[in-house]
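In the working numbering, the protein residues as written are 1 to 445.
In structure tokens form, the structure reads like this:
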């Protein structure tokens with residue numbers, strides 16, 4: 001009897017010891033992080049706002065086609081863009097038929113009432129159906145699209161919808177859609193009194209006159225190196241600091257490394273221990289990238305997914321920051337406005353971003369400074385407006401600044417950032433996309 005009691009007490013003591021050990025290791029007071037394994041990520045305290053992939057899948061421009069070979073363009077966050085896109089997302093598309101791009105005369109289609117949505121890069125259909133009501137078959141779901149064109153055909157009076165493969169030679173027609181021609185007509189009417197655009201032989205559009213776009217000066221805050229160390233390393237206590245010249249500092253735990261450019265406030269995190277086997281689905285990798293940023297720095301603003309399918313070491317996913325309607329583009333001197341992640345087998349092997357970010361008040365609107373803006377609501381005033389040339393003046397700029405032999409495939413407004421003391425100045429410029437995939441900012445002066 002006495003031996004049984006001793007055995008029972010010993011078992012109870014062992015259980016209590018195990019429970020205490022668990023709380024000591026995994027639930028230290030004041031520590032929110034949970035470590036699963038040495039090869040897993042560190043999930044530390046939130047230091048930035050979360051987002052989801054649905055918020056990062058939107059067209060970079062919306063081209064409205066009107067009869068009589070008239071066109072206009074709406075950009076993200078504008079009232080017309082938001083109204084039309086939200087309406088289209090409520091409609092469903094199914095029964096996709098695969099066709100050759102050359103099987104349809106798109107110049108004829110361009111003269112019909114229609115809406116053309118363009119994406120900065122090919123978006124996997126398996127991701128796009130998170131943002132739009134699609135019923136894809138297995139063939140279509142395995143593809144990526146970079147353009148959607150919906151129009152009222154003047155030939156048979158039917159509403160048609162085409163999804164263009166990013167490969168460039170295939171288009172998918174949706175034969176089951178609940179869109180009515182009246183809805184397309186109402187949407188097209190929103191462009192009747194807007195700026196006219198001319199279609200060029202190069203396949204891009206030029207505004208017939210100049211554009212007025214606000215220039216803004218915005219407050220900045222910064223993530224700290226200490227915050228990122230706590231977020232990114234398995235054991236922050238094992239980190240060694242390697243001081244480099246020219247403002248570069250490197251931190252490592254002998255496996256992972258964090259490189260910080262203290263002058264540009266730019267960080268690069270690398271994890272060479274990322275797995276090289278297992279599932280490597282592009283869509284899953286994108287979702288892993290979004291989750292990773294949610295846990296390690298957050299999304300301070302609006303970002304658009306851009307998939308870089310290049311073969312160089314920088315291939316991966318680029319998330320481009322938008323300020324209202326236009327993207328913020330880095331320059332040779334300023335790294336700002338984007339994040340780049342390389343993800344293999346659902347594990348991030350490289351993570352680059354600025355440690356500077358736009359501050360936002362509790363109302364959610366951007367905090368703007370200086371006489372150029374209304375700081376109470378972040379709205380630009382007339383004094384902040386800058387003019388981007390259009391028409392023949394823009395054509396002359398293109399001829400004078402685009403190198404000989406380079407072919408322009410797209411043209412759109414963008415913001416060029418200039419960093420100051422606790423602020424960033426966003427100046428509107430024309431951004432040119434070239435056939436080789438590179439971009440160039442035009443100097444209007």
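All C-beta atoms in this analysis are idealised placements derived from N, C-alpha and C, irrespective of residue type, glycine included.
Quick caveat: nothing in here was measured; it's all calculated off a predicted structure.
- Between residue 401 and residue 442, the C-beta spacing is below 8 Å.
- Under the DSSP assignment, residue 299 falls outside any alpha helix (DSSP H); it carries neither an H nor an E label.
- Taken in chain order, the unbroken stretches of beta strand (DSSP E) that lie wholly in the segment 71-107 and span 3 residues or more are 92-100.
- A Cβ-Cβ contact shorter than 8 Å links residue 289 with residue 317.
- The way I'd put it, the segment 408-421 does touch the segment 205-221; three or more beta-carbon pairs between them come closer than 8 Å.
- The beta-bridge partner set that DSSP reports for residue 170 consists of 100.
- Using a C-beta cut-off of 8 Å, the segment 139-150 makes contact with the segment 112-122, since at least three inter-stretch Cβ pairs fall below that distance.
- Counting C-beta pairs closer than 8 Å gives fewer than three between the segment 242-256 and the segment 389-407, which falls short of the contact rule.
- For the 8 Å CB-CB criterion, residue 269 and residue 326 do not form a contact.
- Residue 256 and residue 233 do touch by the CB rule: their CB atoms are close to 6 Å apart, below 8 Å.
- Rounded to whole angstroms, the gap between the alpha carbons of residue 197 and residue 241 is 55 Å.
- Residue 159 sits in a strand when the DSSP states are folded into three classes.
- By the Cβ criterion, the segment 179-189 is not in contact with the segment 122-138, since fewer than three pairs of Cβ atoms, one from each stretch, lie closer than 8 Å.
- For residue 229, the uninterrupted alpha helix (DSSP H) segment begins and ends at 225-232.
- In the assembly as shown, residue 186 is an exposed residue. Its beta-carbon has fewer than 16 other beta-carbons within 10 Å.
- For residue 248, the enclosing beta strand (DSSP E) begins and ends at 248-252.
- Between residue 184 and residue 330, the alpha-carbon positions lie close to 37 Å from each other.
- The residue from 321, 170, 155, 267 with its alpha-carbon nearest to that of residue 101 is 170.
- Here DSSP, grouped into helix, strand and coil, assigns residue 54 to helix.
- The three-state reading of DSSP puts residue 142 in coil, since its state is none of H, G, I, E or B.
- Contact between residue 205 and residue 71 holds, with the beta-carbon distance rounding to 6 Å and staying under 8 Å.
- Within the same chain, and ignoring the five residues on either side of residue 280 in sequence, the residues whose Cβ sits closer than 7 Å to its Cβ are 344, 345.
- Ranking 384, 349, 439 by CA distance to the CA of residue 332 puts 439 first.
- Taking residue 409 as the centre and dropping the five residues before and after it, the same chain places the C-beta of 202, 203, 204, 433, 434, 435 closer than 8 Å to its C-beta, in chain order.
- In the three-state reduction of the DSSP assignment, residue 291 falls in the helix class.
- Beta-bridge partners assigned by DSSP to residue 113: none are found.
- In the structure shown, the three-state DSSP call for residue 235 is coil.
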